[in-house]
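Participant: Here the sequence shown is numbered in the UniProt record's numbering, starting from 1 and rising by one per residue.
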Amino acid sequence: MLAAVSAADQGAALRRRRGRFLPWKSDQFCQSDFRLAVAGRFFTTSSCLSAAYFLQQSQRDYIVFERANVSGSFFLNYPRHRKLISINKRHTGRHNSEFNLRHDWNSLLSHDERLLFTRYSQDYFPHADEMVRYLQDFSAGLRVRHNTHITHVRLHKDPAAWNGHYFDLTNQDEQHYRCSVLLVATGLGIPHQVPFPGSEYAEGYESVSVDPKDFAGQTVLVLGRGNAAFETADNILGVTNFLHMLGRSRVRLSWATHYVGDLRAINNGLLDTYQLKSLDGLLEGDLENLALVRDTTGRLHVSHKRYLERDPQAFPQDELDNFAAREAYDRVIRCLGWDFDFSIFDKTVRLVSGTGRRKKYPLLKPSYEARSTAGLYVLGTASHSIDFRRSAGGFIHGFRYTVRALHRLLEHRYHGVYWPATHYPITQLITAILRRVNEASGLYQMFEVLGDVVLLRNESLQFEYLEEYPLGVLPELKAITGREVEEGLGLFVITMEYGKNFSGPEKDVFYYNRAVGDAQEAWQSNFLHPVVYYYRSLPTEKQMKLRPENWPLPRPDAIHHVVEDFLTDWTAPLSHILPLRRFLENCLDTDLRSFFAESCFLFALTRRKQPPFCQLGYLKMQGLLGNEHLWRHAVEAGLMQNYTAPSPETPQNDARMWDWVTDQSSTNPGNHVNQASAKDEL
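1. Expressed to the nearest angstrom, what Euclidean distance is found between the alpha-carbon atoms of residue 597 and residue 461?
2. Per DSSP, what are the beta-bridge partners of residue 338 in this structure?
3. Should the region 291-299 be called in touch with the region 190-203, which here means at least 3 C-beta pairs below 8 Å?
4. Cβ of residue 433 within 9 Å of Cβ of residue 539?
5. With DSSP run on the structure shown, which of helix, strand or coil describes residue 547?
6. Would you decide whether residue 224 is buried or exposed? Buried here means 16 or more other CB atoms lie within 10 Å of its CB.
7. Please confirm whether any heavy atom of the ligand FMN lies closer than 8 Å to the CB of residue 398.
8. Three Cβ pairs or more, each shorter than 8 Å: is that satisfied between the region 322-339 and the region 224-235?
9. Among 63, 57 and 54, which one has its Cα closest to the Cα of residue 169?
10. Between which two residues does the alpha helix (DSSP H) carrying residue 133 extend?
11. Looking only at its chain, what residues have a beta carbon closer than 7 Å to the beta carbon of residue 229, apart from the 5 residues adjacent to it on each side?
12. May I have the straight-line CA-CA distance separating residue 188 from residue 149, to the nearest angstrom?
13. With burial defined as no fewer than 16 other Cβ atoms inside 10 Å of the residue's Cβ, what is the status of residue 66: buried or exposed?
14. Secondary structure at residue 437, three-state DSSP: helix, strand or coil?
15. Per the contact definition of three or more C-beta pairs closer than 8 Å, is the region 382-399 in contact with the region 416-434?
16. Where do the ends of the beta strand (DSSP E) carrying residue 497 lie?
17. Do you know whose CA, among 261, 341 and 218, lies nearest residue 238's CA?
18. Excluding the 5 residues flanking residue 46 on each side, which residues of the same chain have their C-beta closer than 8 Å to its C-beta?
19. Smallest Cα separation from residue 484: which of 455, 628, 504 and 388?
20. Please confirm whether residue 449 and residue 493 have their CB atoms less than 9 Å apart.
21. How about the region 151-166 and the region 111-118: do they share at least three Cβ pairs that are nearer than 8 Å?
22. Which two residues bound the contiguous alpha helix (DSSP H) that contains residue 57?
23. Can the beta-carbon of residue 57 be found less than 9 Å from the beta-carbon of residue 111?
24. If you follow the beta strand (DSSP E) that residue 559 is part of, which residue opens it and which one closes it?
25. Tell me, please, which residues DSSP counts as bridged to residue 464.
26. According to DSSP, simplified to helix, strand and coil, what is residue 579?
27. How many angstroms separate the CA atom of residue 618 from the CA atom of residue 595?
28. Does DSSP put residue 488 in a helix, in a strand, or in coil?
29. Hey, residue 353 and residue 347: beta-carbon distance below 9 Å or not?
30. Would you call the region 556-575 and the region 518-526 touching, i.e. three or more CB-CB distances under 8 Å?
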């Protein structure tokens with residue numbers, strides 16, 4: 001109880017604080033013309049609130065429409081059995097907040113450490129009610145208009161508008177709102193249904209009882225093969241006579257596919273009871289050919305369309321006496337997922353669906369903009385068509401980064417704000433890359449979708465570092481970020497990737513010797529690891545379209561895989577850092593090592609081209625000066641030759657010279673002129 005009271009006080013404090021520093025008045029909602037609107041028809045989704053947060057931080061004119069009276073109302077009802085399957089890892093052994101977000105799958109991005117979900121629940125798989133409370137606190141101070149059901153969206157031409165048109169939104173009270181840019185964050189709110197004879201007898205996941213007592217002693221058939229189906233089955237396994245599950249494809253285990261939307265271990269109890277011969281089982285078949293027939297006792301029989309067309313009383317077991325589903329079922333439960341609701345959009349909006357497996361999603365560009373309508377963007381789960389079955393863009397721990405990327409895109413497109421970038425001397429390139437691959441959460445969760453871009457500047461003596469850029473729009477880099485690739489210099493792109501042949505429903509990801517530990521075999525790494533692409537010029541649209549299958553980017557001029565690491569800690573000097581440094585040096589045709597001042601002095605006398613470390617440091621009167629202690633240490637370590645002790649062959653005059661150097665070294669340690677060896681001075 002104390003924890004609950006403390007959490008409630010925390011939420012109240014957040015509301016007071018946000019109300020003080022981010023003020024807005026309720027009468028703003030009386031306005032009917034907004035620059036930007038965020039629509040959450042069924043519920044204020046997490047992506048909706050995330051977008052609102054970034055807009056608020058940028059002080060933009062926006063409004064969020066919410067159908068329910070609370071934020072996060074989706075989690076009031078779903079998941080039906082109240083246990084989230086998103087990881088809430090509260091302890092990682094690290095104090096780096098960015099690294100910790102890699103394993104916090106529930107928090108939205110914000111600048112307030114109190115708005116971390118790890119402070120709201122101690123459970124590894126939290127209760128859904130905790131998410132509702134978290135989203136309520138997160139929405140405090142954001143411009144969310146509750147109890148507003150957007151029922152219709154139309155497009156009106158207007159040459160004065162940003163995109164040559166504006167959107168007209170109508171609510172349940174026939175009130176109209178107009179905006180120049182529309183962000184759709186409605187999620188997937190329509191239960192997917194497959195029409196087949198007898199489909200009306202199936203109960204939906206959205207309404208079926210969650211009390212196991214209601215299924216005691218019954219025989220149940222579950223239609224579906226996803227987490228909702230297994231969640232439902234797991235809830236009643238212990239009380240049913242037996243339970244069968246029918247799906248159109250084989251089971252897809254998330255640990256094999258590396259896609260978090262596939263079956264998670266927390267819900268897969270049915271696999272145990274099936275393979276350990278405890279009556280339950282899995283069946284594969286096309287649901288469109290299914291037929292359910294109710295007998296006089298109310299029980300349901302599985303049949304096939306072609307049998308019903310021939311004889312309404314015919315069943316498969318009439319011809320095949322060992323037909324797997326010949327037993328009658330007391331109940332059939334439909335758990336077939338969800339679809340996007342296109343019904344609220346007028347034909348003038350021209351928002352169409354994808355194709356194939358992506359048919360339930362809107363058809364989008366890689367920039368999250370609708371294919372046929374400028375100014376209409378889709379966020380969160382509804383935008384998952386861009387990385388469906390590839391990355392985590394359909395889930396909080398993924399779309400929190402794609403929403404931020406889209407916000408940066410909008411900031412430049414409509415307000416001229418350049419994509420954030422950090423400027424470094426080229427000597428810091430290795431450090432910058434290693435820091436990101438070892439701690440960045442966006443790269444880690446949105447692997448193969450978001451990547452870091454390094455733009456070389458000033459004859460490759462400097463670079464700009466852009467974080468978490470959408471790889472699908474790399475050819476549009478200048479238009480989206482305001483930053484361009486300098487001619488003749490090129491760019492690097494850093495991504496995280498699994499091995500090309502390691503993921504799939506039929507893959508054995510636990511085979512012996514599955515891990516690659518040799519840096520020379522890094523290209524064969526299986527587990528998630530950093531990959532660095534080098535391009536001499538920006539890839540074109542045509543190259544993006546013709547890129548190899550399952551590649552996030554076109555073929556580069558050079559590519560480097562950092563060998564996978566069991567601890568996901570890519571800081572080993574020989575296995576990780578040295579190969580990366582040599583790759584970067586080959587691409588840049590330069591030496592990225594660090595040197596003592598003595599070495600830089602020698603290079604200045606003997607070389608035409610100085611290493612960048614010397615150009616940007618010693619030759620500009622900067623850098624690390626030597627002293628007697630460092631000099632002796634370098635000699636003892638074999639990094640430098642000891643020229644202060646003359647050899648027997650040294651002429652007497654030269655010996656006097658070395659005596660003079662020794663005297664100068666002892667009286668003025670910073671003025672050595674000793675020659676450095678060719679060994680690394682790291």
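Just so you know, even glycine gets a beta-carbon here, dropped at the ideal spot from N, CA and C.
Predicted model only: the values in this text are computed from it and were never measured.
Facilitator: Well, looking at it:
1. 19 Å
2. 191
3. yes
4. no
5. coil
6. buried
7. By its list of ligands, the structure shown contains no ligand whatsoever, and the ligand FMN lies outside what it can speak to.
8. yes
9. 63
10. 128-138
11. 222, 245 and 335
12. 16 Å
13. buried
14. helix
15. no
16. 491-497
17. 218
18. 72, 108, 135, 380, 396, 399 and 400
19. 455
20. no
21. no
22. 46-57
23. yes
24. 558-561
25. 423 and 455
26. helix
27. 9 Å
28. coil
29. no
30. yes
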